[in-house]
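Reading through the structure tokens given below for one structure.
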Amino acid sequence: MAIDGFDDSAKERLSALADGELDLAGSTASCAAWAADAQLRADWHAWHLIGDVLRSEDLASNPRHDRLFCAKVRARLQSEPVVLAPMPAIAGSAGRPFDTRGRSRRWTAAGAVAAGFVLVVGTFALVRPGDSPPAAQIARVDGPATPSDAAPTAEASAQPVAIVADNKVIRDAQLERYLEAHKQFAGSSALGVPSAFLRSATVDSAAR
Amino acid sequence: MNAPDADAPLVERVKQGDVKAFEMLVVKYQRRIERLIGRMVRDVDLVPDIAQETFIRAYRALPQFRGESAFYTWLYRIAVNTAKKSLMELKRDPLVTEAARAGRDEDDDNPRVDNEPSDAATPDAVLASKQIASAVNFAVEALSEDLRQAITLREIEGLSYEEIAELMNCPIGTVRSRIFRAREAIAARLRPLLDTREGDRW
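Read top to bottom, the protein sequences are chains A and B.
Take the first sequence: its position 40, counted from the start at 1, is 40 in my numbering, and no numbers get skipped.
One rule links them: number in my numbering = place in the second sequence (from 1) + 1000.
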């Protein structure tokens, strides 16, 4: 029984929405149809009235009263500012909060990998105007480390460019030598540095 | 899904700015909220007003609703608080409240709606309610066993489609279709009682 262009499958989806059995993405079309079609709104009311009466007969109300009640609420809602709850964007995904958490977990994992290799990446990231003393300290401590991950390599080759471009950066000579040495390694790591650390690097990065 | 809130998709839509989704919730819960308030407030004329106020307050507060309880539980609390507040105002200043109620007819922006008798307790309204209750019961009795079981498990037992599918030993899609067909069959019997007059549509 198609009414106003909405066939039974559209109405069946609206019925599923009434039971909370449509996800957020699936509800979009049903809500739009509800807003556009008076017959669907009448169905929606009838279905909920039926549910209420099945649960408790004293919920059987005068349908005209229901209609007037909802018309008044609708009129008042029109003068209300539209509600917008603060939330991470991208409409249409029901699991957004979880996505966000997933991302932070991934970052944590990536951080663990980076920390495990003590590296160049960290050192380069710290080398910013005004930050040179701590960076130098780390550089001295971490002398023997071997850059071995593809991602750090990319960062390692990108960062020094920025540093060179900024003439105000002050570095001590030791750090300079350290960076120079590891830039060489960074370039060759993909081909296989003869290092005992390399194997675990590959495994850890794949396990992310 | 453990004890899923059937309203979660609609609530989420409202939070993203879909006012119509909130209207859908109003249509769904208006009777229950009015009954609840009717048990707290003796003056039946005040019940629809307090119920409306409840929904407006709920709409305003929805960004703070975190889904830690079911939406209806949260709405129920707002209704109780709104009713209590109205009762206190009534005690504090009954004349002002009385005057405000009398003046409403003039300054409402929707006079056509407001001039309609909204009293749910007139003899006509009571009769209409009784007719609806008996029509629903009659229509449910007339359903096939499959449809009656599906709609009963959903509406009275509050089971999810998945649980009903397990109980009725059929796919979830079949449950969804049976519940829909049951609703349509019952609604078809109700339609003569629900039919709207010209210009008085949902």
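Glycine is no exception: its CB is placed at the ideal position from the N, C-alpha and C atoms.
Fair warning: this is a prediction, and the values are worked out from it, not measured in the lab.
Quick one: using the 10 Å Cβ neighbour count with 16 as the cut-off for buried, is residue i buried or exposed?
{"i": "Phe1138/B", "result": "exposed"}
{"i": "Glu1155/B", "result": "buried"}
{"i": "Val1004/B", "result": "The amino acid at residue 1004/B is misidentified as Val; the sequence shows Pro. Exposed."}
{"i": "Glu80/A", "result": "exposed"}
{"i": "Ala207/A", "result": "Note that Ala207/A has pLDDT 43, beneath the 50 cutoff, so the model's placement of it is unreliable and no number is given."}
{"i": "Thr1073/B", "result": "exposed"}
{"i": "Asp52/A", "result": "buried"}
{"i": "Asn62/A", "result": "buried"}
{"i": "Pro1192/B", "result": "exposed"}
{"i": "Gln78/A", "result": "exposed"}
{"i": "Ala60/A", "result": "buried"}
{"i": "Asp1124/B", "result": "exposed"}
{"i": "Arg1181/B", "result": "buried"}
{"i": "Lys1091/B", "result": "exposed"}
{"i": "Ser1069/B", "result": "exposed"}
{"i": "Gln1064/B", "result": "exposed"}
{"i": "Glu12/A", "result": "buried"}
{"i": "Glu1162/B", "result": "exposed"}
{"i": "Asp43/A", "result": "buried"}
{"i": "Lys1130/B", "result": "exposed"}
{"i": "Arg1066/B", "result": "exposed"}
{"i": "Ala1128/B", "result": "buried"}
{"i": "Arg969/B", "result": "Nothing in the structure corresponds to residue 969/B, since chain B is present only between 1001 and 1202."}
{"i": "Gly20/A", "result": "buried"}
{"i": "Asp1045/B", "result": "exposed"}
{"i": "Gly1158/B", "result": "exposed"}
{"i": "Val1175/B", "result": "buried"}
{"i": "Gln174/A", "result": "exposed"}
{"i": "Ser1160/B", "result": "buried"}
{"i": "Gly1173/B", "result": "exposed"}
{"i": "Glu1023/B", "result": "buried"}
{"i": "Asp966/B", "result": "Any question about residue 966/B goes unanswered here, given that chain B covers just 1001 to 1202."}
{"i": "Asp1195/B", "result": "exposed"}
Determine whether the Cβ of residue i lies closer than 8 Å to any Cβ atom of chain D.
{"i": "Ala35/A", "result": "Judged by its chain identifiers, the structure shown contains no chain D, and its protein chains are A and B."}
My output table needs one value for residue i: the three-state DSSP class, helix, strand or coil.
{"i": "Leu1193/B", "result": "helix"}
{"i": "Gly51/A", "result": "helix"}
{"i": "Thr1073/B", "result": "helix"}
{"i": "Asn62/A", "result": "coil"}
{"i": "Asp1018/B", "result": "coil"}
{"i": "Asn1169/B", "result": "coil"}
{"i": "Phe1055/B", "result": "helix"}
{"i": "Glu1089/B", "result": "helix"}
{"i": "Thr1122/B", "result": "coil"}
{"i": "Ile1151/B", "result": "helix"}
{"i": "Arg76/A", "result": "helix"}
{"i": "Trp1202/B", "result": "coil"}
{"i": "Ile1156/B", "result": "coil"}
{"i": "Leu1143/B", "result": "coil"}
{"i": "Phe1065/B", "result": "coil"}
{"i": "Ser56/A", "result": "coil"}
{"i": "Asp1045/B", "result": "coil"}
{"i": "Asp37/A", "result": "coil"}
{"i": "Asp8/A", "result": "helix"}
{"i": "Ala16/A", "result": "helix"}
{"i": "Ala91/A", "result": "Because Ala91/A carries a pLDDT of 45, less than 50, the predicted location of this residue cannot be relied on, and the following value inherits that uncertainty. Correct three-state label for Ala91/A: coil."}
{"i": "Leu22/A", "result": "coil"}
{"i": "Pro1009/B", "result": "helix"}
{"i": "Ala85/A", "result": "coil"}
{"i": "Ala1182/B", "result": "helix"}
Please identify, using Cβ separations under 9 Å, the residues of the segment 1079-1091 of chain B that lie next to chain A, in order along the chain. Here the close residues number zero.
Check distances from the C-beta atoms of the segment 42-56 of chain A to those of chain B and list, in chain order, the residues that come in under 9 Å. Those would be Ala42, Asp43, Trp44, His45, Ala46, Trp47, His48, Leu49, Ile50, Gly51, Asp52, Val53, Leu54, Arg55, Ser56, in chain order.
Chain A contacts made by the segment 1007-1019 of chain B, where a contact means CB separation under 9 Å: Those would be Asp1007, Ala1008, Pro1009, Leu1010, Glu1012, Arg1013, Val1014, Lys1015, Gln1016, Gly1017, Asp1018, Val1019, in chain order.
How about the segment 38-51 of chain A and the segment 1046-1061 of chain B: do they share at least three Cβ pairs that are nearer than 8 Å? Counting Cβ pairs under 8 Å, fewer than three are found: no touch.
Mind listing which residues of the segment 12-39 of chain A have their C-beta closer than 7 Å to chain B's C-betas, in chain order? Answer set for the segment 12-39 of chain A: Glu12, Ser15, Ala16, Leu17, Asp19, Gly20, Glu21, Leu22, Asp23, Leu24, Ser27, Cys31, Trp34, Ala35, Ala38.
Does the segment 62-75 of chain A come close enough to the segment 1162-1171 of chain B that 3 or more CB-CB pairs lie under 8 Å? Too few Cβ pairs lie closer than 8 Å, so no.
Against chain A: residues of the segment 1174-1201 of chain B by CB proximity under 8 Å: Of all residues in the segment 1174-1201 of chain B, those with a C-beta nearer than 8 Å to a C-beta of chain A are Arg1176, Ser1177, Ile1179, Phe1180, Arg1183, Glu1184, Ile1186, Ala1187, Leu1190, Arg1191, Leu1193, Leu1194, Thr1196, Asp1200, Arg1201, reading in chain order.
Should the segment 1050-1064 of chain B be regarded as contacting the segment 1073-1089 of chain B, the criterion being three or more beta carbon pairs within less than 8 Å? As far as the Cβ criterion goes, the segment 1050-1064 of chain B touches the segment 1073-1089 of chain B, which means the pair count is three or higher.
With 9 Å as the limit, tell me which residues of the segment 73-88 of chain A have their beta carbon closer than that to any beta carbon of chain B; keep them in chain order. Cβ contacts with chain B come from Val73, Arg74, Ala75, Arg76, Leu77, Gln78, Ser79, Glu80, Pro81, Val82, Val83, Leu84, Ala85, Pro86, Met87.
Please identify, using Cβ separations under 9 Å, the residues of the segment 1022-1044 of chain B that lie next to chain A, in order along the chain. Within the segment 1022-1044 of chain B, the qualifying residues are Phe1022, Glu1023, Met1024, Val1026, Val1027, Lys1028, Tyr1029, Gln1030, Arg1031, Arg1032, Glu1034, Arg1035.
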